[in-house]
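Residues 7 to 283 (this note's numbering) make up the sequence shown, in order.
Think of the CB as a built atom: it goes at the ideal place given N, C-alpha and C, for glycine as much as any other residue.
Computed from a prediction, not measured in an experiment: that's the story for all the values here.
All remarks here apply to the structure that follows.
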Amino acid sequence: MRRYKNSKLLIIKKPKDFNCDNFFTEKGCKDIINLKLCTKKHRILYPNNSQKNYDLSSPIFAIYQKLYDYYGPQNWWPAESDFEVIVGAILTQNTAWQNVEKAIQNLKTYNLLTPQKLWAISEKKLYPIIKPSGFYRLKTKRLKAFLDFMFKKYDGSISNLKNQKLSILRKEMLEISGIGEETADSILLYALKKPVFVIDAYTRRTFSRHNFFDYNTAYSKIQEIFMRQLPKSVKIYQEYHALLVKLAKDYCQTKPKCSKCPMQHQFLKIRNVLINK
Ligand code: SF4
Numbered sequence: 007m008r009r010y011k012n013s014k015l016l017i018i019k020k021p022k023d024f025n026c027d028n029f030f031t032e033k034g035c036k037d038i039i040n041l042k043l044c045t046k047k048h049r050i051l052y053p054n055n056s057q058k059n060y061d062l063s064s065p066i067f068a069i070y071q072k073l074y075d076y077y078g079p080q081n082w083w084p085a086e087s088d089f090e091v092i093v094g095a096i097l098t099q100n101t102a103w104q105n106v107e108k109a110i111q112n113l114k115t116y117n118l119l120t121p122q123k124l125w126a127i128s129e130k131k132l133y134p135i136i137k138p139s140g141f142y143r144l145k146t147k148r149l150k151a152f153l154d155f156m157f158k159k160y161d162g163s164i165s166n167l168k169n170q171k172l173s174i175l176r177k178e179m180l181e182i183s184g185i186g187e188e189t190a191d192s193i194l195l196y197a198l199k200k201p202v203f204v205i206d207a208y209t210r211r212t213f214s215r216h217n218f219f220d221y222n223t224a225y226s227k228i229q230e231i232f233m234r235q236l237p238k239s240v241k242i243y244q245e246y247h248a249l250l251v252k253l254a255k256d257y258c259q260t261k262p263k264c265s266k267c268p269m270q271h272q273f274l275k276i277r278n279v280l281i282n283k
C-alpha cells in the first residue's frame with residue numbers, strides 16, 4: 007500500500023481486468039502509463055503529481071472499458087492520410103460510408119487527394135467525381151470552403167493546422183460554412199489529433215436509451231459529460247467513438263437487439279450503482 011504526495015488516495019493494486027497498458031501508450035500519455043488504482047474508491051491516480059485524479063466508477067469510462075474488452079481496438083479513422091480524413095469527414099455528412107468510399111476512390115483515381123489539387127480544381131469538374139457521396143453540389147461547396155480557410159489561414163498545410171491551439175482552431179472551423187460540431191470535431195480528433203470527443207447520432211441514441219441524457223440534449227452538454235468522465239487522451243476518444251459506432255451498427259440499431267447486446271449487463275450494473283448511490 008502506498009500514499010502519493012498530495013494525494014488522499016490509498017494505492018493498492020491494479021485489478022486484473024484493467025488493461026490500461028493496451029491503450030495508454032501514445033506519446034504524451036506517459037504520465038498515466040504507470041497509473042495505479044485504488045480498489046476501494048475506484049479512482050485512478052496520476053502518480054506524477056499532476057493532480058488529475060480520475061474517477062474509475064465513472065459510468066462513461068466503465069462502458070468504454072467493457073466495449074474495448076469486447077471489440078478490441080478499432081484503429082479509426084479508415085484513411086491513408088490526414089487530408090483524406092478531412093475530406094471523408096465532410097463527405098460523410100448525411101450519407102452512408104460506402105458512398106463516401108466510392109467518392110474517395112474517384113479522388114484517388116484522378117490523383118486529386120491533396121489540398122493543393124483539390125483547391126485548384128473547379129467546382130464543376132469536381133461534381134461528377136464526388137457524386138457518389140450524395141448532395142455533391144453542397145459537398146463541393148463545403149470542401150472548397152474548408153480549403154479556402156486552410157489556404158488563407160494556414161498556408162494549405164496540415165502541419166500548420168496541427169500546430170494551432172485546439173480552442174482557436176475549433177472556433178475558426180465552426181465559422182466555415184457547412185462545418186458543424188460533429189464534422190469539426192471529427193477532423194480535429196482524427197486528422198489533427200486534438201483531444202476532443204465526437205458526439206454523433208449513435209452516441210445520442212445509445213446513451214439516451216439508458217437515460218444518461220435526453221436524445222435532444224445540446225451537443226456541447228453531451229460532449230462535456232463525456233470529456234469530464236474520461237482521461238484526456240486522443241487515443242481513448244478515437245477508440246471510444248469508433249466503438250460506439252460499432253455497437254450501434256451491430257446491436258443498438260433503430261430497433262435495438264438488447265437481448266443479444268454485450269453491453270446490456272454493463273448498462274444495468276451501472277444503473278444499479280447509480281440508483282444505490
Ligand atoms: S442494444 Fe445494447 S446498448 Fe442499445 S439499448 Fe439495448 S442494451 Fe442498450
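Which residues in the same chain have their Cβ closer than 6 Å to the Cβ of residue i, if we skip the five residues on either side of it in sequence?
| i | result |
| --- | --- |
| glutamate 187 | Tyr225 |
| asparagine 112 | Ile135 |
| leucine 198 | Leu167 and Lys168 |
| methionine 179 | Ile185 and Ala190 |
| leucine 73 | Leu249 |
| tyrosine 142 | Tyr133 and Ile136 |
Nearest CA to the CA of residue i: which residue from the options?
| i | options | result |
| --- | --- | --- |
| tyrosine 221 | Ala207, Glu230 and Met233 | Ala207 |
| lysine 200 | Leu153, Lys147, Leu253 and Leu167 | Leu167 |
| tyrosine 257 | Lys158, Gln270 and Lys147 | Gln270 |
| histidine 247 | Met156, Lys130 and Tyr196 | Tyr196 |
| glutamate 90 | Val106, Thr101, Tyr70 and Tyr77 | Val106 |
| lysine 252 | Ala190, Gln229, Leu180 and Asn81 | Asn81 |
| serine 173 | Leu119, Gly184, Val202 and Ala151 | Val202 |
| tryptophan 83 | Val204, Ser139 and Lys72 | Val204 |
| phenylalanine 218 | Gln99, Leu274 and Lys255 | Leu274 |
| glycine 94 | Lys145, Ile231, Gln229 and Gly78 | Lys145 |
| glutamine 104 | Lys158, Ser139, Ser165 and His216 | Ser139 |
| aspartate 75 | Pro268, Ile276 and Arg277 | Pro268 |
| valine 240 | Ser192, Cys264 and Arg277 | Ser192 |
Mapping DSSP to helix, strand and coil, what is residue i?
| i | result |
| --- | --- |
| methionine 156 | helix |
| lysine 263 | coil |
| histidine 216 | coil |
| methionine 269 | coil |
| leucine 1 | Limits of the chain in this structure are 7 at one end and 283 at the other, which puts residue 1 out of reach. |
| tyrosine 208 | helix |
| tyrosine 221 | coil |
| serine 239 | coil |
Would you say the beta carbon of residue i comes nearer than 7 Å to a heavy atom of ligand 3?
| i | result |
| --- | --- |
| alanine 207 | Ligand 3 is absent from the structure shown, which contains only ligand 1. |
Within the same chain, show all residues whose beta-carbon is closer than 7 Å to that of residue i, passing over the 5 residues directly before and after it, in chain order.
| i | result |
| --- | --- |
| leucine 194 | Leu172, Leu175, Arg176, Lys200 and Val202 |
| lysine 244 | The question names lysine, but residue 244 in the sequence shown is glutamine. These residues qualify, in order along the chain: Trp82, Leu195 and Tyr196. |
| isoleucine 356 | The structure shown does not extend to residue 356, since the chain is modelled only from 7 through 283, so no value can be given for it. |
Grab me the residues of residue i's own chain with a C-beta within less than 8 Å of its C-beta, minus the 5 sequence neighbours each way, in chain order.
| i | result |
| --- | --- |
| glycine 162 | Pro121, Gln122, Trp125, Leu153 and Met156 |
| serine 87 | Leu119 |
| arginine 211 | Tyr221, Ala254 and Cys258 |
| glutamine 272 | Ala68, Ile69 and Lys72 |
| lysine 147 | Glu129, Ser183 and Gly184 |
| lysine 266 | Tyr257 |
| asparagine 117 | Lys123 |
Please list, following the chain, all residues that have a C-beta closer than 7 Å to any non-hydrogen atom of ligand 1.
Thr212, Arg215, His216, Leu253, Tyr257, Cys258, Pro262, Lys263, Cys264, Cys267, Met269, Gln270 and Phe273
For a minimum of 4 consecutive residues, which ranges assigned as the alpha helix (DSSP H) are wholly contained in the segment 132-204?
Runs of the alpha helix (DSSP H) inside the segment 132-204: 142-160, 164-169, 172-180 and 187-192.
Quick check on the DSSP output: what are the complete alpha helix (DSSP H) runs of length 4 or more inside the segment 55-132, in order along the chain?
65-77, 88-97, 103-115 and 121-126
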